[in-house]
Each structure stands twice: as C-alpha cells, then as structure tokens.
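Here is the structure we will look at, set down as structure tokens.
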Amino acid sequence: MFWDKVSGIYDLVETIYNGKVYRELGRKVAEKIEEGDVVLECACGTGAISQYIAPKCRQLIATDFSKKMLRQTAKKCKSYGNVKLRRADMTRLKCRDAQFDKVVAGNVIHLLEEPYTAVRELERVCKKGGKIIIPTYINASGGTNQKAVRLFEAMGVSFKRQFDMESYKKFFADAGYQNVDYEIVSGRMPCAVAVITKQ
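Shown next as structure tokens:
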C-alpha cells in the first residue's frame, strides 16, 4: 500500500513543501474541540492533526486504513492516555450511530472513490448538534500546486478530484448540506476547513 510505504517520510515531505499549513491546520481543527468531547478522527495519517486534538478532548479514537501511518500517530500521541488507535475504512465504520461529539477527516476526501459515502458515514456516527470537520487541500489552481500534484501522482498518490474554494462548497451543497461553515488555512497549498453541524 502506498501510504504504508511513505509513512516514514510523509511528515518531512509535507513540512518541506507546505509546512505552515501542515502545522496550522492541526491548531485550527483543535480550536473546535471541547474538553468533554469524544472525537473520532478518520484518515489520521501520521497524527499531524491528532497531536493537537488529543490534549483538548476527553477521548480520541484515531483511525486510518494504513497500519504504518497508525504507528506514526502512536509515536506522536504516546504521552496521551486518552487516545485509542484503530485500523478502519471510513466508508464502512464499525461504530454506533450518534456516538461522537466531533468527527474529523483531514485531507482525504479528494482521494476517495466514494467521497459522499464517507461523508454520510461521518454524519451517521456524529451526535445531533455535533460537528463534522473536513479539511481538504485547495489544489485545483494552476502553477506550483499543479506541479506538486503531478509529483505526488508520480509517486503513487491517486487524486480522484481536486478542489478550489468554489468547487469545495459545491461538493457539500450538491450532497444537500446547507449548514456548513468554511475557513481557510492560508499557505503555499491552502487548506479549506468545512465544518458541518449535524441537524
């Protein structure tokens, strides 16, 4: 699996290319987490966001499909006793309905064959009134970012879609989500953070 192969160098590549956004994104997501929250994070990768969520919440269940990515998360979060790691497919979560106060899935929607299936699963396991937080890179603009996308694709990353801010908003609107707030983490390759409040 591609993500197993790159797990040891992923942080380095992200930091060199897009370090400001990579760091700030975790802080931005953590701002939305409260002390009593039980949080599910899907596609946690190397724990870049997990390490900011963990000290803010009551419990964090961090999941990824890649075992080696989960090992990197384990290293980052080893000092937090409230973190549990699980291997999971975010399109078929083995979780109860309405189990979590917050659900996070960072920088993965553009990689999925069935992104709407994943978003519906995130919604299913989130409590009513809870928040589904979905950050995604805005990389559909030309120039340097397109060169980076082509480089990642040459390495084995399979981008199923690319977003700019307008198409990202349309992605959620087309799925019927109206109560969505958006924030941007600015940098070399910006990240749009969509926050859905479950009705």
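The numbering used here applies: residue 1260 is where the sequence shown begins, and numbers increase by one. No residue lacks a Cβ here, since even glycine has one placed at the ideal position from N, Cα and C.
Asked	Found
Spatial neighbours of K1291 in its chain, beta-carbon cut-off 8 angstroms, leaving aside the 5 residues before and after	K1361, K1390, I1392, V1454
Segment contact, 8 angstroms Cβ cut-off, at least three pairs: the stretch 1264-1279 with the stretch 1323-1336	yes
Buried versus exposed call for S1417 [16 or more other C-beta atoms within 10 Å across all chains shown]	exposed
Contact under 8 angstroms by Cβ, I1308 with V1288	yes
Given Q1318 as reference, the closest of F1431, F1324, C1336, A1302 once Cα atoms are compared	C1336
Environment of T1395 [buried if 16+ CB atoms lie within 10 Å]	buried
Residues near G1295 in its chain [Cβ-Cβ closer than 7 angstroms; skip 5 each side]	R1317
Meets three-Cβ-pair contact criterion under 8 angstroms: the stretch 1350-1357 and the stretch 1438-1448	no
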